Amino acid sequence: MRSPDASPSGYRKEKLFPYWFLAPSVVMLLALTVYPLIFVLHVSFHRLTPAGDVFVGLRNYARILQDGFFCRAVAQTLIFAGTALILEFLLGLALALLLDSEIRGRAFWRALFLLPMILPPVVAGVTWRLIYNPNFGVLNGILRLFGLDTRRWTWLADPSLALPAVILVDVWEWTPFVFLILLAGLQAIPQEPYEAARIDGANAWQTFFHITLPLLIPAILVALLLRTMDLLRIFDQIFILTQGGPGFATETVSLYIYKTAFRFYDFGYAAVLSIVLLAVTMVLCRLYLRFLKPNALE
Numbered sequence: 002m003r004s005p006d007a008s009p010s011g012y013r014k015e016k017l018f019p020y021w022f023l024a025p026s027v028v029m030l031l032a033l034t035v036y037p038l039i040f041v042l043h044v045s046f047h048r049l050t051p052a053g054d055v056f057v058g059l060r061n062y063a064r065i066l067q068d069g070f071f072c073r074a075v076a077q078t079l080i081f082a083g084t085a086l087i088l089e090f091l092l093g094l095a096l097a098l099l100l101d102s103e104i105r106g107r108a109f110w111r112a113l114f115l116l117p118m119i120l121p122p123v124v125a126g127v128t129w130r131l132i133y134n135p136n137f138g139v140l141n142g143i144l145r146l147f148g149l150d151t152r153r154w155t156w157l158a159d160p161s162l163a164l165p166a167v168i169l170v171d172v173w174e175w176t177p178f179v180f181l182i183l184l185a186g187l188q189a190i191p192q193e194p195y196e197a198a199r200i201d202g203a204n205a206w207q208t209f210f211h212i213t214l215p216l217l218i219p220a221i222l223v224a225l226l227l228r229t230m231d232l233l234r235i236f237d238q239i240f241i242l243t244q245g246g247p248g249f250a251t252e253t254v255s256l257y258i259y260k261t262a263f264r265f266y267d268f269g270y271a272a273v274l275s276i277v278l279l280a281v282t283m284v285l286c287r288l289y290l291r292f293l294k295p296n297a298l299e
């Protein structure tokens, strides 16, 4: 039987052999992420016209400072993301604590709470449009059973109600995601600290704040990080529910970028807005890692 090649060249070939299996994935990753990013950077310095690309330098970037519509979209994105993130975290944590305890039918309730997350965003959006319908929607129908006059409650057509209504849909759909991560974190906590706390006479609140919460910080970090990235680029739900309306009441940054590119055909400026959104998201993610990671490593 032929022995393996023990020469330096043979050793290098053997060491590099597994990387050939990674090559297709790496090529696909470069094609789907790196190349589009480079292309967007190129477009951001140009104005696209039927005659060709016109180089405009930093002119597209300078427009951001004078764009009131973009500032309004940023403010509404922050309101949307901040409100939804807080509600999803609190509800997800409460559900995780509840279903981590010894209650009957835990498997059933866990499966039930995960159903909203399983639905595609398009299906969820269409479903909630029907629920919010002012004439035959389920929500107004339930409110009318309590004797309330719902004729003025046009949830998605009222500028004062549209954004809270969209936030409610996001909380309904993605609280299960936070719940799932936090539940996994709770189940990974060892029982020894709880046994020591019971011996020391600690009550439930002391146990939660001094044992459960500190040991749950890594899971909290993951949940908040992923949801923040997703909320800052929210598009599909709002597009299906309101398309940014009524007026500009629910127009977020992603939706503003979409309108700039595909309704006004200003691809250069839309590319700049996309780069700004990416940069802001990366900075916020870095802040998460900076302030929460030291606690997670304790």
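Positions 2 to 299 (my numbering) are the ones given, in order, by the sequence shown. We put the CB at the ideal spot given by N, CA and C, even for glycine. Bear in mind that the values here come from a model prediction, so they are computed numbers and not experimental data.
Simplified DSSP assignment, three categories, for residue i
| i | result |
| --- | --- |
| R153 | coil |
| F56 | strand |
| L79 | helix |
| T50 | strand |
| Y266 | coil |
| D201 | helix |
| R302 | Residue 302 cannot be examined here, being either before or after the span of the chain that is shown, 2 to 299. |
| A63 | helix |
| I241 | helix |
| P25 | helix |
| P37 | helix |
| F18 | helix |
| I235 | coil |
| G69 | helix |
| A158 | coil |
| P219 | helix |
| A250 | coil |
| F137 | coil |
| G148 | coil |
| R3 | Reliability fails at R3, whose pLDDT of 48 lies under 50, so the model's placement of it is uncertain and the value that follows must be treated cautiously. It is coil, neither helix nor strand. |
Exposure of residue i, with buried meaning 16 or more beta-carbon neighbours within 10 Å
| i | result |
| --- | --- |
| V123 | exposed |
| E196 | exposed |
| D171 | buried |
| A166 | buried |
| A63 | exposed |
| I221 | buried |
| Y20 | exposed |
| V27 | exposed |
| A24 | exposed |
| Y133 | buried |
| G106 | exposed |
| L278 | buried |
Assumed close pair residue i, residue j - CB separation to whole angstroms, cut-off 8 Å
| i | j | result |
| --- | --- | --- |
| G248 | N61 | In fact, because the Cβ distance is near 26 Å, the residues do not count as touching under 8 Å. |
| F180 | F114 | 6 Å |
| T128 | N141 | That belief does not hold up - the Cβ atoms of T128 and N141 are roughly 15 Å apart, past 8 Å. |
| G58 | F46 | 6 Å |
| L157 | L242 | 6 Å |
| I235 | T253 | 6 Å |
| I168 | F81 | 6 Å |
| L42 | R228 | Between R228 and L42 the Cβ distance is about 27 Å, and since that is not below 8 Å, they are no contact. |
| I276 | V223 | Contact flag wrong, Cβ pair sits at about 26 Å. |
| L131 | G138 | 6 Å |
| V75 | A272 | Contact flag wrong, Cβ pair sits at about 17 Å. |
Pair within 9 Å by beta-carbon distance, residue i and residue j
| i | j | result |
| --- | --- | --- |
| L225 | F109 | no |
| Y257 | G245 | yes |
| T176 | G83 | no |
| A97 | L184 | yes |
| D237 | G126 | yes |
| L285 | L233 | yes |
| T78 | S255 | yes |
| L274 | T261 | yes |
| W154 | L162 | yes |
| L49 | Y266 | yes |
| A205 | H211 | no |
| A250 | P160 | yes |
| E1 | L120 | Because residue 1 is not part of the residues shown, which for the chain are 2 to 299, the question remains open. |
| A198 | Q207 | yes |
| G186 | P215 | no |
Proximity test, Cβ basis, 9 Å: residue i and chain D
| i | result |
| --- | --- |
| V277 | You won't find chain D in this structure, because it holds only one protein chain. |
Practice item. Kindly provide the ranges of any alpha helix (DSSP H) runs that are 4 or more residues long and lie completely inside the region 77-122, ordered along the chain. Key: Taking only runs of at least 4 residues, the alpha helix (DSSP H) segments lying wholly in the region 77-122 are 107-119.
Exercise for review: Output the residue ranges of the alpha helix (DSSP H) runs that lie fully inside the region 164-203 and measure 4 residues or longer, sorted by chain position.
Suggested key: 193-201, all fully within the region 164-203.
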